[in-house]
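Respectively, the protein sequence lines represent chains A and B.
Note that full-length UniProt numbering gives residue 46 to position 46 of the first sequence, counting from 1, and the numbers run on in steps of one.
Note that full-length UniProt numbering gives residue 196 to position 196 of the second sequence, counting from 1, and the numbers run on in steps of one.
All residues carry an ideal CB built from backbone N, CA and C; glycine is no exception.
All figures in this text were calculated on a predicted structure; none of them were measured in a lab.
Some notes on the structure that comes next.
Number of protein chains: 2
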Amino acid sequence: MPPTLKDIASEAGVSPATVSNVINGVQARVSTDTRDRILRIVERHGYVPSASARSLAARSSRIVGLLVPAADKDSLTLSPHTAGVVGTLERALRRHDYHLMLRGIARPAEVTEALRSWNLDGAVLLGFHDADIDRLRRRHVGDVALVAMDAYSDNPLALAVRSDDHAGGRLAARRLLDLGHRRIAFAGPAFSATGVVRQRYEGFRQAFADVGAVWDERLHCVADTTRTAGRDAGLRIAASLPEVTAIVATADALAVGIMEGLAAAGKTVPGDVSIVGYDDADIASFVTPKLTTVAQDLRAKSAVAVRLLLDRLAGRPRPETAVTLEVALIERGTTAPVRRAA
Amino acid sequence: MPPTLKDIASEAGVSPATVSNVINGVQARVSTDTRDRILRIVERHGYVPSASARSLAARSSRIVGLLVPAADKDSLTLSPHTAGVVGTLERALRRHDYHLMLRGIARPAEVTEALRSWNLDGAVLLGFHDADIDRLRRRHVGDVALVAMDAYSDNPLALAVRSDDHAGGRLAARRLLDLGHRRIAFAGPAFSATGVVRQRYEGFRQAFADVGAVWDERLHCVADTTRTAGRDAGLRIAASLPEVTAIVATADALAVGIMEGLAAAGKTVPGDVSIVGYDDADIASFVTPKLTTVAQDLRAKSAVAVRLLLDRLAGRPRPETAVTLEVALIERGTTAPVRRAA
DNA sequence: CTGAAAGCGCTTACAG
DNA sequence: CTGAAAGCGCTTACAG
């Protein structure tokens, strides 16, 4: 049996309350002498407080949930983007003595269960649709501190951090426009009124408006953000949209797939078609030619998420609005000036 | 205030003990009538049991820890390999009503703290050195069920799942030998007496013995498993080991880096030099030419880890030895017959 | 089939 | 600066 707080107390000849105060660093309530004595005993026994007991008594678990949609029953797919965030989150939380519980969410009701069951102090929602976040009500979440990453929901129950997706779409299109392209396809998953993809799309459209060009809506190409879907899309574009000279894709994997599809159809990149990806994932610089892409700062995004969470837990004032981080266009080898018609 | 078990009990006009039995599915102790009545009330209130209270009273947390080394203070780097495992683990555990706590481990002592604090029922150790696992003692881990992935430690406190790394190294080398190569470099991180890399190395050597060829130890090239380190290694090999006609690398990222280094030095792959990677990560098929590599089945590995854990938690007999999964060589574009000396 | 009671290991006013 | 006591929300023998 590992020692309990009571064991430590009786060995030190003090009350459990005093040991509790020492462990929790309540300086004001314990003399230096007894504190040192207790600390030595704690050390010697390798005493570790029971988090369940603590959580039960203090009504605070010091657990933050990381909630990720689990479409599939068998596996959460952690995108490279998600995986990059997880590591930073864990460390940052750990430094503040919080634990991270990872939870896949298959049905909306599971959010409530996840929060309530372990009495989470906070949770980070990663990769949820805005609609799901909109639907959250106080009765679902209690007063758990919630941070939604990459969300455009304005549900006040969740703080939001995201990259400037509108600027990202705009940057990508603008660069291509500047290179002389006009027949630019937009490739990405279906989107609704709000959300990351919608924002990138609007930014993309804005770039056309900026230079006074008109965009042909038939160049909107719906495709999942996977390499396989990209391959199909590339083939499709080559076959039925031969006038396209450039493509903006909403994810690097998609862009890479499109490159392959184009190649299979006999088109060269960037000779015949220029292409811009999104995220600056590892693959962006593994392909040949290296992918021009829109980069976001994942570490910064995670760091902000943690700060928002901790501020909220400490009762500090919350920001007025969502926190939006800058993005940057990384120009590599898949973009070139439009080839003048022969 | 969310309802407690007591609230449910008094509303149903029964004792807390009975509600507890219903919630825990103890069929034998409750009549169908009262069970249904209670379940309806539970449903209506959206009652969620407090996991801390449960954990405290039952001495079982139903939490499994996922312990990952955190060298860096700021971030756990989840390799693609690790990220692939995490998703499967979470779902499989969830299906059995376990929760997953993700914890980065910077100092050995943190293992104990992690296990004890939340009274973990089990833990999966991911990516630890054998030496760290060897060092685990009963007093550190109590009777927590432990599964070490990719470990070759024979510490009986941890069950082990791993791929057949020896076979992997052997397969890779054998294929190159069959293609006529003899001057084959082995590129990978420094290794000690045991461990994944050591096994691959031994397998590599075995392949030479299999065909009665002699390996020149100067062709052992130590490099971290990153693309950057690979680039350097590629440059180094081109400059100081010009006789090398093939390379086995212990990771895909390393192999890809080496390809770049070789290219920078004016060598072609697979024209001048063949190369085999390890893992079949995404990047393996993103590069040009596509990387020949040794693939392991991550889903299977995670699934076995969970099964070992659950078996142990259910008190079922443990396997006699470590579970070893098969690997396969995926031949793609980076391997070709040795070019006959001009 | 059901309930009363003790207890899991802490924290938190409150009193001194 | 320190302690006695109640309580957090469950589970678990035990008795009936």
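Taking Ile41(B) as part of the alpha helix (DSSP H), name the residues at either end of that continuous run. Thr32 to His45
Under three-state DSSP, which class holds Phe286(B)? coil
Can you grab the Cα-Cα spacing for the pair Ala148(B) / Leu93(B), in whole Å? 16 Å
List the residues of chain B that Glu11(A) touches, going by C-beta distances under 7 Å, in chain order. Simply none; closest approach about 18 Å.
Bridge-paired residues (DSSP) for Gln296(A): Val327(A)
Beta-carbon gap between Thr226(B) and Gly87(A) smaller than 8 Å: no
Under the assumption that Leu125(A) contacts Ala83(A) (Cβ atoms under 8 Å), give the Cβ distance between them as a whole number of angstroms. No, Leu125(A) and Ala83(A) are not in contact; Cβ-Cβ is about 16 Å, not under 8 Å.
Can Ala187(B) and Leu254(B) be called in contact, C-beta distance under 8 Å? yes
Go ahead and pull the three-state DSSP assignment for Gly188(A). strand
Label Thr32(A) either buried or exposed according to how many other C-beta atoms from any shown protein chain fall within 10 Å of its C-beta, with 16 as the threshold for buried. exposed
Answer yes or no: does any C-beta atom of chain A fall closer than 8 Å to that of Ala342(B)? In this prediction, Ala342(B) scores a pLDDT of 45, lower than 50, which makes its location untrustworthy; the coordinate-derived value is nonetheless stated afterwards. Output row for Ala342(B): interface = no.
On the three-pair Cβ rule with 8 Å, is the segment 57–66 of chain B touching the segment 96–110 of chain B? yes
Distance, Cα to Cα, Ser20(B) vs Ile247(A)? 59 Å
Give every residue of the same chain whose Cβ lies closer than 6 Å to the Cβ of Pro132(B), excluding the five residues on either side of it in the sequence, and list them in chain order. The residue asked about is misnamed: residue 132(B) is Asp in this sequence, not Pro. None.
How is Ala209(B) classed by DSSP in three states: helix, strand or coil? helix
Identify the continuous beta strand (DSSP E) that holds His96(A) and give its terminal residues. No beta strand (DSSP E) contains His96(A), which DSSP labels as neither H nor E.
Nearest-angstrom Cα distance between Val287(B) and Arg174(A)? 28 Å
Tell me which same chain residues have a C-beta within less than 6 Å of the C-beta of Ala239(A), skipping the five on either side of it? none
According to the neighbour-count rule (16 or more other Cβ atoms, all chains shown, within 10 Å of its Cβ), is Glu260(A) buried or exposed? buried
With a cut-off of 8 Å, does the C-beta of residue 396(B) fall near any C-beta of chain A? Here chain B covers residues 1 to 342 and nothing more, so residue 396(B) does not appear.
Residue range of the alpha helix (DSSP H) that includes Asp252(B): Asp252 to Ala264
Helix, strand or coil, according to DSSP, for Ser10(B) in the structure here? helix
Residues that DSSP places opposite Val68(A) in a beta bridge: Gly104(A)
Is it the case that the segment 284–299 of chain A contacts the segment 215–225 of chain A, given that we only count it when at least three CB pairs across the two stretches are under 8 Å? no
Helix, strand or coil for Gly333(A), going by three-state DSSP, please let me know. coil
By Cβ distance, which residues of its chain are closer than 7 Å to Pro49(B), with the 5 residues on each side in sequence left out? Leu5 and Ile23
Taking only the alpha-carbon atoms, compute the straight-line gap between Ala342(B) and Leu176(B) and give it to the nearest angstrom. For Ala342(B), the predicted model reports a pLDDT of 45, less than 50, meaning its position is unreliable and no value from the coordinates is stated.
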